[in-house]
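Data first, discussion second: the structure below is written as structure tokens.
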Amino acid sequence: MARRIDVTGAGGVRLAAWEFGDPPKDDPNAPVPAPGVLLLHGLMGRASHWASTARWLSERRRAVALDQRGHGQSEKPPQAAYTREAYVEDAEAALEQLGLGPAVVVGHAMGALTGWQLAAKRPDLVSGLVICDMRASALGAASQREWADWFRSWPLPFATLADVRKWFGEDDPWVERPSPARGAFYAEVMHESPDGWRPVFDPQQMLRSRETWVYDAHWEELAQVRCPTLVLRGLDGELGRAEAQEMVRVLPRGQYAEVADAGHLVHYDRPEAWRAAVEPFVDSVLGV
Numbered sequence: 095m096a097r098r099i100d101v102t103g104a105g106g107v108r109l110a111a112w113e114f115g116d117p118p119k120d121d122p123n124a125p126v127p128a129p130g131v132l133l134l135h136g137l138m139g140r141a142s143h144w145a146s147t148a149r150w151l152s153e154r155r156r157a158v159a160l161d162q163r164g165h166g167q168s169e170k171p172p173q174a175a176y177t178r179e180a181y182v183e184d185a186e187a188a189l190e191q192l193g194l195g196p197a198v199v200v201g202h203a204m205g206a207l208t209g210w211q212l213a214a215k216r217p218d219l220v221s222g223l224v225i226c227d228m229r230a231s232a233l234g235a236a237s238q239r240e241w242a243d244w245f246r247s248w249p250l251p252f253a254t255l256a257d258v259r260k261w262f263g264e265d266d267p268w269v270e271r272p273s274p275a276r277g278a279f280y281a282e283v284m285h286e287s288p289d290g291w292r293p294v295f296d297p298q299q300m301l302r303s304r305e306t307w308v309y310d311a312h313w314e315e316l317a318q319v320r321c322p323t324l325v326l327r328g329l330d331g332e333l334g335r336a337e338a339q340e341m342v343r344v345l346p347r348g349q350y351a352e353v354a355d356a357g358h359l360v361h362y363d364r365p366e367a368w369r370a371a372v373e374p375f376v377d378s379v380l381g382v
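Residue numbers (the working numbering): 95 to 382.
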């Protein structure tokens with residue numbers, strides 16, 4: 095099961111955190127003691143994308159997935175800050191208000207960047223870190239333009255969820271070969287509107303979030319992460335092997351792993367191989 099816990103993030107933004115596993119029988123509202131894991135999704139993601147991972151994590155430890163601001167069931171105020179600082183402060187607030195830290199932070203893409211910026215800022219809250227398919231290099235203005243064009247290409251609204259799965263899994267020009275996992279991933283972030291299926295997020299807020307990190311490199315912050323860190327990539331993902339191995343070299347306590355036959359959505363593409371790579375690392379950090 096997953097139960098919702100409200101967290102107050104930076105600037106008073108209400109965030110939805112989802113704790114997986116049964117609460118203590120004597121007091122259902124009492125937090126389960128640490129050690130724990132905080133799961134941070136990527137841009138356009140949501141906490142439910144971590145459901146499979148959180149279930150096996152919760153067998154022996156606390157596992158909490160956070161809907162980050164502008165995503166999932168968290169608030170999406172038009173005038174709220176969608177800066178790196180706000181995302182990091184939200185994760186910091188979640189760890190403190192949930193009594194989860196020092197925790198292992200598992201981040202995918204943008205969530206991984208949030209994780210390592212948090213680990214650099216608050217080493218007392220982060221005991222270990224998993225960086226999944228996130229680059230430390232600057233991506234630049236061309237990348238941001240490509241994303242803006244890509245959002246405009248979406249044939250909104252979709253008539254059915256089957257149409258969502260087909261477009262993102264097969265018809266999207268960014269898809270090199272059919273990917274049912276990718277279709278399922280994007281179906282998870284759609285909701286039914288009066289005229290059809292639309293994303294639960296505002297694409298313009300996603301672009302605002304992205305523009306706060308794509309123009310800068312993040313090697314300096316990476317070098318400040320002192321906890322054990324696993325850099326994990328899918329062989330067909332966005333993080334290349336050379337850059338991933340350089341990230342491991344820059345990290346004071348970096349480790350490297352890769353998953354074959356996986357793209358950017360490693361935990362969706364190859365869930366068993368993902369678990370085989372991540373679980374021993376989490377166990378080693380938490381000593382469970």
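Even for Gly, the Cβ is constructed at its ideal location relative to N, Cα and C.
* When you compare only the Cα positions, how much space is there between Val-325 and Leu-223? -> The residue you call residue 325 lines up with position 231 of the sequence shown. The residue you call residue 223 lines up with position 129 of the sequence shown. The straight-line gap from Cα to Cα measures roughly 9 Å.
* Which partner residues of His-202 appear in the DSSP bridge assignment? -> Locating residue 202 in the sequence shown gives position 108, where the first residue counts as 1. Assignment of beta-bridge partners to His-202 by DSSP yields Cys-226.
* Grab me the residues of Leu-189's own chain with a C-beta within less than 7 Å of its C-beta, minus the 5 sequence neighbours each way, in chain order. => The residue given as residue 189 occupies position 95 in the sequence shown. Sequence-distant partners of Leu-189 (beyond 5 residues in either direction) whose C-beta falls short of 7 Å from its own C-beta, in its chain, are Leu-132, Gly-195, Ala-197 and Leu-219.
* Asked: From Pro-274 to Tyr-280, what distance separates their C-alpha atoms?
  -> In the sequence shown, the residue the question calls residue 274 occupies position 180. In the sequence shown, the residue the question calls residue 280 occupies position 186. Their Cα atoms are separated by approximately 10 Å.
* If you draw a straight line from the alpha carbon of Arg-304 to that of Val-269, how long is it in whole angstroms? -> Here residue 304 refers to the residue found at position 210 of the sequence shown. Here residue 269 refers to the residue found at position 175 of the sequence shown. Going from the Cα of Arg-304 to the Cα of Val-269 covers about 21 Å.
* To do: Apply the 10 Å Cβ neighbour rule to Gly-164 and answer buried if 16 or more other Cβ atoms are within range, or exposed otherwise.
  => For the purposes of this step, residue 164 is taken as the residue at position 70 of the sequence shown. When all chains shown are included, Gly-164 counts as buried.
* Just grab the DSSP bridge partners of Met-54 for me. => This structure gives no information on residue 54, because the portion of the chain shown stretches from 95 to 382.
* **Through-space distance from Val-308 to Leu-233, alpha-carbon basis** => As a position in the sequence shown, residue 233 is number 139, starting the count at 1. As a position in the sequence shown, residue 308 is number 214, starting the count at 1. In a straight line, the C-alpha of Leu-233 is about 5 Å away from that of Val-308.
* Asked: Can you check whether the CB of Ala-110 is closer than 8 Å to the CB of Gln-191?
  -> Taking the first residue of the sequence shown as 1, we reach residue 191 at position 97. Taking the first residue of the sequence shown as 1, we reach residue 110 at position 16. No, the pair does not count as a contact, with Cβ atoms beyond the cut-off.
* To do: Decide if the stretch 312 to 325 is in contact with the stretch 202 to 218; the criterion is three or more beta carbon pairs, one per stretch, under 8 Å apart.
  => yes
* **Anticipated Cβ contact below 8 Å, Glu-183 with Gly-103, distance rounded** => The residue given as residue 183 occupies position 89 in the sequence shown. The residue given as residue 103 occupies position 9 in the sequence shown. About 7 Å; that satisfies the 8 Å criterion.
* Asked: Going by the beta-carbon positions, is the gap between Phe-295 and Arg-276 smaller than 8 Å?
  -> In the sequence shown, residue 295 corresponds to position 201, counting from 1. In the sequence shown, residue 276 corresponds to position 182, counting from 1. Cβ atoms of Phe-295 and Arg-276: not closer than 8 Å.
* Going by C-alpha distance, which of Val-360, Glu-169 and Arg-140 is nearest Gly-331? -> Translated into positions along the sequence shown, residue 331 becomes position 237. Closest by alpha carbon: Val-360.
* **Any 3 or more C-beta pairs closer than 8 Å across the stretch 139 to 153 and the stretch 169 to 181** => no
* Do Ala-236 and Glu-337 come within 8 Å of each other at the CB atom, strictly closer than that value? -> Your numbering for residue 337 matches position 243 in the sequence shown. Your numbering for residue 236 matches position 142 in the sequence shown. Taking 8 Å as the Cβ cut-off, Glu-337 and Ala-236 do not qualify as a contacting pair.
* Assuming Val-353 contacts Ala-371 (C-beta within less than 8 Å), just tell me the rounded distance between them. => Counting from one through the sequence shown, the residue named residue 353 turns up at place 259. Counting from one through the sequence shown, the residue named residue 371 turns up at place 277. Yes, Val-353 and Ala-371 are in contact; Cβ-Cβ is about 6 Å, under 8 Å.
* Asked: What do you reckon, are the CB atoms on Leu-301 and Trp-244 nearer than 8 Å?
  -> Numbered from 1 along the sequence shown, position 207 holds the residue referred to as residue 301. Numbered from 1 along the sequence shown, position 150 holds the residue referred to as residue 244. Their beta carbons are not under 8 Å apart, which means Leu-301 does not touch Trp-244 by this criterion.
* To the nearest whole angstrom, what separates the beta carbons of Pro-272 and Glu-264, a pair I think is in contact under 8 Å? -> Start at 1 with the first residue of the sequence shown, and residue 272 comes out as number 178. Start at 1 with the first residue of the sequence shown, and residue 264 comes out as number 170. That pair is a contact at about 5 Å.
* To do: Report buried or exposed for Gln-162, applying the criterion of at least 16 other Cβ atoms within 10 angstroms of its Cβ.
  => In the sequence shown, the residue the question calls residue 162 occupies position 68. The residue in question, Gln-162, is buried, as its Cβ has 16 or more Cβ neighbours within 10 Å.
* **Cross-strand partners of Gln-349 (DSSP beta bridge)** => For the purposes of this step, residue 349 is taken as residue 255 along the sequence shown, with counting starting at 1. Beta-bridge pairing links Gln-349 to Leu-324.
* Asked: Is Arg-259 near the ligand GTP, going by C-beta to nearest heavy atom under 7 Å?
  -> Absence of the ligand GTP from the depicted structure is noted, as is the absence of any ligand whatsoever, leaving it without description.
* Asked: Leu-212 by DSSP, collapsed to three states: which one?
  -> Translated into the one-based positions of the sequence shown, residue 212 becomes position 118. DSSP places Leu-212 in helix when its eight states are reduced to three.
* Ordered along the chain, which non-local residues of its own chain (more than five positions away) have a Cβ less than 8 Å from that of Val-258? -> Here the question's residue 258 lines up with position 164 in the sequence shown. So the qualifying residues of the chain are Phe-252, Gly-277, Tyr-280, Ala-281, Met-284 and Trp-291.
* Asked: What are the start and end residues of the beta strand (DSSP E) that includes Phe-114?
  -> Residue 114 sits at position 20 when you count from the first residue of the sequence shown. Per DSSP, Phe-114 belongs to the beta strand (DSSP E) from 108 to 114.
* Given a cut-off of 8 Å, decide if Met-228 and Ala-203 are closer than it, judged by their beta-carbon atoms. => Here the question's residue 203 lines up with position 109 in the sequence shown. Here the question's residue 228 lines up with position 134 in the sequence shown. Closer than 8 Å, so yes.
* **Where the alpha helix (DSSP H) containing Leu-189 begins and where it ends** => Here residue 189 refers to the residue found at position 95 of the sequence shown. Note, Leu-189: alpha helix (DSSP H), 178 to 192.
* CB-CB under 7 Å to Val-344, same chain, minus the five flanking residues each way: which ones, in chain order? -> On the sequence shown, residue 344 is found 250 positions in, with the first residue counted as 1. Cβ within range, chain order: Trp-313, Leu-316 and Ala-317.
* To do: Within the same chain, show all residues whose beta-carbon is closer than 8 Å to that of Val-101, passing over the 5 residues directly before and after it, in chain order.
  => Position 7 of the sequence shown, counted from the first residue, corresponds to residue 101. Taken in chain order, the residues that qualify are Arg-108, Leu-109, Ala-110, Ala-111, Leu-160, Asp-184, Ala-187, Ala-188, Gln-191 and Leu-192.
* To do: Ignore the nearest five residues each way along the sequence and tell me which others in Met-138's own chain have a CB closer than 7 Å to its CB.
  => Indexing the sequence shown from 1 puts residue 138 at position 44. These residues qualify, in order along the chain: Val-283, Phe-295 and Met-300.
* From what residue to what residue does the beta strand (DSSP E) around Leu-160 run? -> If you number the sequence shown from 1, residue 160 lands on position 66. Where Leu-160 is concerned, the enclosing beta strand (DSSP E) stretches over 156 to 161.
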